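With full-length UniProt numbering applied, the sequence shown corresponds to residues 1 to 125, in that order. The beta-carbon is built from N, C-alpha and C at its ideal position, and this holds for glycine as well. Quick caveat: nothing in here was measured; it's all calculated off a predicted structure.
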Amino acid sequence: MTETVKILIADDSEMMRLVMKRLFTKYVVSPNISETRNLPDTINYLKEKAIDFLLLDINMPQGDSNPDTIREILTIQPDIKICMFSGNDKDLLEQDFLAAGAVGFVQKDEKMGDSLQQVINSVFN
């Protein structure tokens with residue numbers, strides 16, 4: 001993909017945002033990366049700016065993400081690709097989020113770089 005990919009990382013942890021920014025820079029050509037720290041700011045950001053890819057943490061201050069959150073975001077930006085990002089058990093949650101319209105689920109663990117790369121490859125290649 002040659003055009004700039006607009007990415008929003010929505011996570012309350014500054015460290016996780018930094019790690020994921022580095023991974024996106026490694027896996028995506030010329031990413032334009034923005035950040036939000038809570039769910040209300042994320043929704044407001046998406047109402048104002050078009051984004052290609054959203055990495056969305058499930059547990060954040062001022063509201064946790066759930067499958068209804070995915071449906072709400074897709075009504076705001078129907079073409080956005082949403083990937084869930086969580087320390088919660090992927091096996092318990094992934095299917096509900098995918099059924100709601102998410103394109104992937106990255107578990108916060110030692111394999112998250114590989115998982116993110118797989119999701120990016122499936123979305124942009």
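Using C-beta distances below 8 angstroms, list every residue in its chain close to residue i, excluding the 5 sequence neighbours before and after it, in chain order.
i, result
"C5", "For clarity, residue 5 is Val in the given sequence; the question names Cys instead. So the list reads V28, V29, S30, P31, N32, D52, F53 and F124, once near-sequence residues are dropped."
"R71", "A100 and G101"
"I76", "I43, L46 and K47"
For residue i, which residues in the same chain have their Cβ closer than 6 angstroms to its Cβ, ignoring the five residues on either side in sequence?
i, result
"D12", "R37, M60 and P61"
"N88", "I58"
"Q107", "K90"
"P40", "Q62"
Which residue marks the beginning of the alpha helix (DSSP H) containing residue i, and which one marks its end?
i, result
"A25", "Sequence check: residue 25 is Thr here, not Ala. Looking at the DSSP string, the run of the alpha helix (DSSP H) that includes T25 is E14 to Y27."
"E48", "L39 to E48"
"Q118", "M112 to F124"
"P67", "P67 to I76"
To which residues of the same chain is residue i closer than 7 angstroms at the C-beta, ignoring the five residues directly before and after it?
i, result
"E14", "none"
According to DSSP, which residues form a beta bridge with residue i?
i, result
"Q107", "S86"
"A10", "T36 and L56"
"V5", "P31"
Looking at the unbroken beta strand (DSSP E) that takes in residue i, where does it start and where does it end?
i, result
"I33", "P31 to T36"
Under 8 angstroms between C-beta atoms, does residue i make it to chain B?
i, result
"N59", "Any reference to chain B falls outside this structure, which holds one protein chain only."
So, is residue i buried or exposed, given that buried needs 16 or more other C-beta atoms within 10 angstroms?
i, result
"S115", "buried"
"T69", "buried"
"K26", "exposed"
"L23", "buried"
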